[in-house]
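Participant: Protein chains in written order, with the working numbering: chain U, 6 to 390; chain E, 6 to 390; chain B, 476 to 797; chain W, 476 to 797. All C-beta atoms, glycine included, are put in the ideal place defined by N, C-alpha and C. Because the structure is a prediction, the values reported are computed rather than measured. To start, I am sharing the structure in question, which I have written as structure tokens.
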Amino acid sequence: MDDSPRTVPPAAADIGVDPLSQGDLEIETYRVVRSDGSFDAERVPDLDDEDFRDLYRWMLLQRIYDERATKLQRRGRLGTIASGHGQEASIIGSGYALSRDDWIFPYGREAGALLLHGLSMRDLLLYWRGIEDASRMEGANVFGMAISIGSHIPLATGKAWGLELDGEDAIAFANLGDGATSTGAFHEGLNFAGVLGVPAVFFCQNNQYAISLPFDEQTNAETVAQKALAYGVDGIRVDGNDVLAVYNAVSTARERALEGTPVLVEAVTYRRSAHTTSDDPTRYRSGDEVDEWEERDPLARYRAFLERTGRWGAIDEDAIREEVESEFDEAVDAADAVEERGIEELFAYLHEEMPPELERQLEELRDLLEERPDMYEFIEQRPKG
Amino acid sequence: MDDSPRTVPPAAADIGVDPLSQGDLEIETYRVVRSDGSFDAERVPDLDDEDFRDLYRWMLLQRIYDERATKLQRRGRLGTIASGHGQEASIIGSGYALSRDDWIFPYGREAGALLLHGLSMRDLLLYWRGIEDASRMEGANVFGMAISIGSHIPLATGKAWGLELDGEDAIAFANLGDGATSTGAFHEGLNFAGVLGVPAVFFCQNNQYAISLPFDEQTNAETVAQKALAYGVDGIRVDGNDVLAVYNAVSTARERALEGTPVLVEAVTYRRSAHTTSDDPTRYRSGDEVDEWEERDPLARYRAFLERTGRWGAIDEDAIREEVESEFDEAVDAADAVEERGIEELFAYLHEEMPPELERQLEELRDLLEERPDMYEFIEQRPKG
Amino acid sequence: MNATIIDAINDALHAEMRNDDRTLVFGQDVAESGGVFRATDGLLAEFGSDRVLDTPLSEIAIVGSAVGLATHGFRPIAEIQFSGFLPPAFDQLVTNASRIRWRTRGELTAPMVVRTPYGAGVRALEHHSESLEGAYGHVPGLTVAIPSTPHDAKGMLISAIRDPDPVLFMEPKHVYRSLREDIPEGDYTEPLGEAAVRQEGDDVTVVSWGAMMHKTLEAVDNLDGVDAEVIDLRTISPLDRETITESVRKTGRCVVVHEAAKTGGFAGELIATINDEVLLYLEAPIERVTGFDIPVPLLSMEDYYVPHPPRIEEAITKTVSY
Amino acid sequence: MNATIIDAINDALHAEMRNDDRTLVFGQDVAESGGVFRATDGLLAEFGSDRVLDTPLSEIAIVGSAVGLATHGFRPIAEIQFSGFLPPAFDQLVTNASRIRWRTRGELTAPMVVRTPYGAGVRALEHHSESLEGAYGHVPGLTVAIPSTPHDAKGMLISAIRDPDPVLFMEPKHVYRSLREDIPEGDYTEPLGEAAVRQEGDDVTVVSWGAMMHKTLEAVDNLDGVDAEVIDLRTISPLDRETITESVRKTGRCVVVHEAAKTGGFAGELIATINDEVLLYLEAPIERVTGFDIPVPLLSMEDYYVPHPPRIEEAITKTVSY
Ligand SMILES: Cc1ncc(C[n+]2csc(CCOP(=O)(O)OP(=O)(O)O)c2C)c(N)n1
Ligand SMILES: Cc1ncc(C[n+]2csc(CCOP(=O)(O)OP(=O)(O)O)c2C)c(N)n1
Ligand SMILES: [Mg+2]
Ligand SMILES: [Mg+2]
């Protein structure tokens, strides 16, 4: 038994083994509008002027929302938040391509898409203020925020499965980042979706970073889109700073999904802000890079398109801005007006029927609070967020 | 806010979004010897006659080992075992391409490769008899059997990383089945290997089933090899019933891995036996299919090649058979001769230093055994396995 | 009908699949082959491939997609082939299944069951014999149920399927086929969250669950002159504290038997509960008879690991004669 | 050097990376950015990118590859960014890390550390505040260590890195920066598996660990006329049973404080241990002050969840006046 080779002869060069390499792949990045505002006329989606205006409005809303929310956070009136700054075209282009009947699985940066989907801004602010009620996502087909990265992807597969079984004309739409693609949950969720052939679209905003990790260290794959091949689902790579391209890509993906082919869409974009309000990006990336992407600003590009196509004249940016600002003001006021929750809230909602032990725990806490009514005053007194 | 679209207009056909589909891929299945024994002369590896003979010998050994182990199991002298019947070319072709310095991560069916790698047959039998000592894998660079499917893949990545850091001229070689490719551990392990560029080869024997699940329900991807693209590593698809093709494929993969590109190799083969000795495959697959694959028998094909190339004359199959049979007999005798382990074995080896509580537990058991020495007689008396 | 636990589970699945067409069964090898233990045998033929499916080898996706389906109004009954393969899906249990209702203030719920055979004793391979009910029972919002008899297996499984919240249903595979009893045809339920007194007695309370229940009964049977009260816990969480404390109030002595490793095992919670409520009634320390603080050994020695009636007898004798 | 816990951890990493060139640090954002809590700040600059690496968002791969590296003779020190993201890697802990030595009868070993910040109180997002030490402490073969002071953080982390077996090192992030003390320069170790008596007393033993240690000390301080003995458990597993039982033998009363949910939490093991060995010394039931049996709420209410000194005071008073 000991005569087996201890060293191996190198394989001869001419034996003809020709591995499949990603270099063999050609992956186009779909684009409609070039950075200077020039565009491929055939690809311009067939939308009303109002829609073209709305797309701009919503991108602007996303931008203003992020700015104002960040300020609120700095003033201690929101918890940690994650901004979509720089990703407006990806967020709005995708959100705009969805039906209200679709189910969105958010992961944090897509405020505009959620609001567009019917969520109230008040609730979104309450969520970032750390108030569970807001996760009810009332009136909108929106799941709880997937703070545990990737954990929602198998849920989206299950939801899509349910939609399919019920014959509904709607999809499950999972938002995710490039980092999420490295999780086991992503893999198992996409693979199973592929096997089931359910109406799910997995929308990855490849914003080049997962906190400090650049995309080229997240995976050795050159694109996210090619990961679709591992599951036999379709992959689309789209310029994520081109709102019309994203709209087209997601519309197409949605149709394919409804026909039984799940789609992984990669929107190539850039996170221009810090990861969250707790992050300092100067530790890990250059200002030059940030500047470069500033030049590819999605709003500016879309505005150039609107100008070239004569649509800009009818758009009153200041009016939109004002409208959005006051919408935000109102949302903050509405959020502030929400009543403090009682400690009962803590114990409710975990079970349909509260188990005796949990009731006992609530009782004990109530008793103690009667004795020491000021025990938690420090909580009620501190800043919101 | 309520003016967002409730229904979505279908995307126009001509907007030019052209998703990447697996249909776009062309994936060759590498082959050297065709089923009739004819072959591609350029691809025949440059091996000695002795090597050509050895390859046959080891395949035969794998076959005989599986048959005899299955019989032993039926007689209650081994636990559940998993046979490599039908996969001999994949097992031996890959094992033969490795250096003894490489680390094999086995998953269960690759007896021949492990024996070739220096493991003693006695130990292999002891392992399937459920005796941990055998997992020591003495004298061979072999990890514990990955019974939890896929769980070993990140370990192989870590091991390869260690080999790389130490500048060793060796790879980590993970054996796995098609089922394992659906696990999160596979995904994260391969992706991380791709990022690190470590010398790891992931060798998937796609034997068309994971217990009862056919490959086309395991994933919607048409091949395992294409999953490499998700990680930016290389992929090779090889006819797993062609021992020379597997040898070439793994040799090439090994070289690439040593150069910094991990490789996922898919050997297309077939599990001709039941999944394990506890399985009844007639519940889920047709006899016709099994017969079809019997015609593609890897030993017969290789023998036809040896005949055509005039090498068969020098091979005395009966002598090999006899030699292997007696090797097996000796291994069984040696396994039977291994002394019963004492209960101390149960408590050792979990920690370098046994914690006091575990010592206490051992003490208690010892005390009880003193009082009731026959307490565990039933265990000692029953069949081995 | 005269049934083993496997028969009872199979029967419960049939019954509830008939009752409620929103139920779905899926997992590895559950459809075409009827499950590696045949628990799901016959379901595919009766209910078709829309409702009975084989899945890829993906524990995360099995549990995660069950959550997604459940929020859509289905009642998924997922199988994890062996409890040793549940850890890959632990995150889905903790992060999603157990708290979807909580996270959405009742807007979305996860009425789902994850069935899994657990425990040692069938001479299976490594990782096939784990008992981690203590860890799962510590996850708020997750019901963990463990039947020990055919009657309960059917009745509790039907309850689990109807439960509005997620249930991890752990099946003692060691006694899958070794016990038979008559169980009712058609549907009936046994409540979750309620322990059962299997045998009344005054001298000592012995609490156990799953396969250990039967070792306990054997031990109690072997002991002459000890009048033991035997409690089958049946549900790890939510815990039926009353039945336990009531019994100990009466007997003043207690032994807890479980197969999982001792340290951090669920016996701790039971002892803490007894301490909370009936400490002053205790006439002796509560004994634990458990697996040792090691992994379950491979098959040649696994039986040394599992609590054996003599160990239980010893503990009962010690407690009673304290 | 005057140090916070974060400083101490950072210092320990520097010290041990200098001592032993087989140590490697990796995890999400540990290299370029120095860690989201800056625990690994400066390591990349000093030790280079071969030994200090950012990994993809892959908890399974982080823990699994650490096992592989460790078996190759390295000493990986992996970071899981928040303990709420450890569940995806639970299987690697159970199936590989904790039992490689066992599975190979000592042939391969996994001298590795998984560091993770745990617990609530920093107003982080969902899934950032979990305390599952009870579940991890139930996995045989896994050491679970939790320091509560800068001095211990450094000394115990150095011990963990040098430990021949895997250590899950859970860091109480709530007090990462809120405490300072002088700690020795250079290397020193604090043993794993040994509890520390933080304050001696005769009336009642209060056991705690991590951030709760400090709430406990605050509560004890607030109580006049109670002479409490305060024990910092420091290691969940292996458990230092002696220090606990010795103390309770003296005081006859005990309160356990932990942040994790009550049911199935590690207090159960402590109470069981006390029951085992010093039941007859108990003059009152042992009280548990714990998180409630719910997930940690989002930031607006998380502090209601966390044991607050008044709750601890109440429990101590109740025990002492029993
Ligand atoms: C499972 C898990 N691991 C780690 C984290 C910590 N974390 C929060 S966001 C983040 C990066 C996410 O990157 P990406 O998916 O690209 O999304 P992006 O933030 O860039 O939009 C990490 C590592 C987490 N939330 N969940
Ligand atoms: C994580 C995990 N899940 C489930 C199982 C049960 N199981 C054992 S082998 C097997 C199928 C494996 O299929 P494959 O990877 O194709 O290998 P093959 O047996 O076909 O060689 C399954 C599902 C397991 N061992 N581990
Ligand atoms: Mg990103
Ligand atoms: Mg297979």
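#1: Within 10 angstroms of its Cβ, does N146 of chain U collect 16 or more other Cβ (buried), or is it exposed?
#2: Have a look at B:N485, B:S558 and B:T530 and flag the residue whose alpha-carbon is nearest the alpha-carbon of D221 of chain E.
#3: L544 of chain W versus chain E: which residues are under 7 Å apart at the beta carbon?
#4: Give the interface partners of G740 of chain W over in chain B, defined as CB-CB distance under 7 Å, in chain order.
#5: Between the beta-carbon of S187 of chain E and the beta-carbon of N196 of chain U, is there less than 8 Å?
#6: What in chain E is Cβ-close to A595 of chain B, meaning under 8 Å?
#7: For I706 of chain W, does the three-state DSSP call read helix, strand or coil?
#8: Based on the DSSP secondary-structure assignment, which residues constitute the bridge partners of L363 of chain U?
#9: Do you know whose CA, among E:L119, E:A233 and E:G135, lies nearest R578 of chain W's CA?
#10: Under the rule that 16 or more other beta-carbon atoms within 10 Å means buried, what is P659 of chain W, buried or exposed?
#11: Count the other C-beta atoms from every protein chain shown that fall within 10 angstroms of the C-beta of F383 of chain E, then say buried if there are 16 or more, exposed otherwise.
#12: To the nearest angstrom, how far is it from the Cα of Y779 of chain B to the Cα of L714 of chain W?
#13: Along the stretch 217-238 of chain E, where does the CB come closer than 7 Å to a CB of chain U? Name the residues.
#14: DSSP puts M645 of chain W in a beta bridge; with which residues?
#15: Quick one, which residues of the stretch 708-721 of chain W are near chain B if we go by CB-CB under 9 Å, in chain order?
#16: Name, please, each residue of chain D whose Cβ falls closer than 9 Å to the Cβ of L355 of chain U.
#17: Y101 of chain U and L65 of chain U: beta carbons closer than 8 Å?
#18: Put P563 of chain W into one of helix, strand or coil per three-state DSSP.
#19: Spell out the partners DSSP gives Q674 of chain W in its beta bridges.
#20: Can you tell me whether E860 of chain B is helix, strand or coil according to DSSP?
#21: Pick out whichever of E:G28, E:S256 and E:M150 has its Cα sitting closest to the Cα of I109 of chain E.
#22: Among the residues of its own chain, which have a CB less than 7 Å from the CB of V538 of chain W, if the five just before and after it don't count?
#23: Return yes when at least one heavy atom of ligand 3 lies under 7 Å from the C-beta of G184 of chain U, else no.
#24: I'd like to check one pair, G42 of chain E with V255 of chain E: are the Cβ atoms closer than 8 Å?
#25: Counting only runs that start and end within the stretch 105-165 of chain E, where is the beta strand (DSSP E) found for 3 or more residues in a row?
#26: Under 7 Å: does the beta carbon of N212 of chain U sit that close to some heavy atom of ligand 5?
#27: Identify the residues that DSSP records as bridge partners of I241 of chain U: which are they?
#28: Answer yes or no: does any C-beta atom of chain U fall closer than 8 Å to that of R261 of chain E?
#29: If L170 of chain E sits next to D525 of chain W, beta carbons under 8 Å apart, how far is it from one beta carbon to the other, in whole angstroms?
#30: For the stretch 264-280 of chain U against the stretch 205-215 of chain U, do three or more pairs of beta-carbon atoms, one drawn from each stretch, fall closer than 8 Å, so that the two count as touching?
#31: Give a single yes or no on whether A553 of chain B has its beta carbon closer than 7 Å to a heavy atom of ligand 4.
#32: Interface residues of chain U around P563 of chain W at Cβ under 9 Å?
#33: Mind checking if F197 of chain U is an interface residue toward chain B, Cβ cutoff 8 Å exclusive?
#34: Taking V37 of chain E as the reference, which of E:Y252, E:E300 and E:E385 has the closest Cα?
#35: If contact is defined by three or more beta carbon pairs under 8 Å, each pair taking one atom from either stretch, is the stretch 285-294 of chain E in contact with the stretch 220-240 of chain E?
#36: Got a sec? Which residues, its chain only, sit under 6 Å from D657 of chain B by beta carbon, not counting five neighbours each side?
Facilitator: According to the structure data:
#1: buried
#2: B:T530
#3: G163, W166 and G167
#4: H613
#5: yes
#6: What A595 of chain B touches in chain E: nothing, since even the nearest Cβ is about 11 Å away.
#7: strand
#8: According to DSSP, which records beta bridges pairwise, L363 of chain U is partnered with nothing at all.
#9: E:G135
#10: exposed
#11: exposed
#12: 24 Å
#13: E222, T224, N225, A226, E227, A230, Q231, K232, A233, L234, A235, Y236, G237 and V238
#14: W:T591
#15: I711, S712, P713 and L714
#16: Structure shown: chain D not included; protein chains present are U, E, B and W.
#17: no
#18: helix
#19: W:V705
#20: Any answer about residue 860 of chain B is impossible in this case: the structure gives chain B only from 476 up to 797.
#21: E:M150
#22: A553, A564, Q567, L568, A572 and V589
#23: yes
#24: no
#25: 108-110
#26: Absence of ligand 5 is noted for the structure shown, with ligand 1, ligand 2, ligand 3 and ligand 4 being the only ligands found.
#27: U:V270
#28: yes
#29: 7 Å
#30: yes
#31: no
#32: S153, G155, S156, T188, G189 and A190
#33: yes
#34: E:Y252
#35: no
#36: N477
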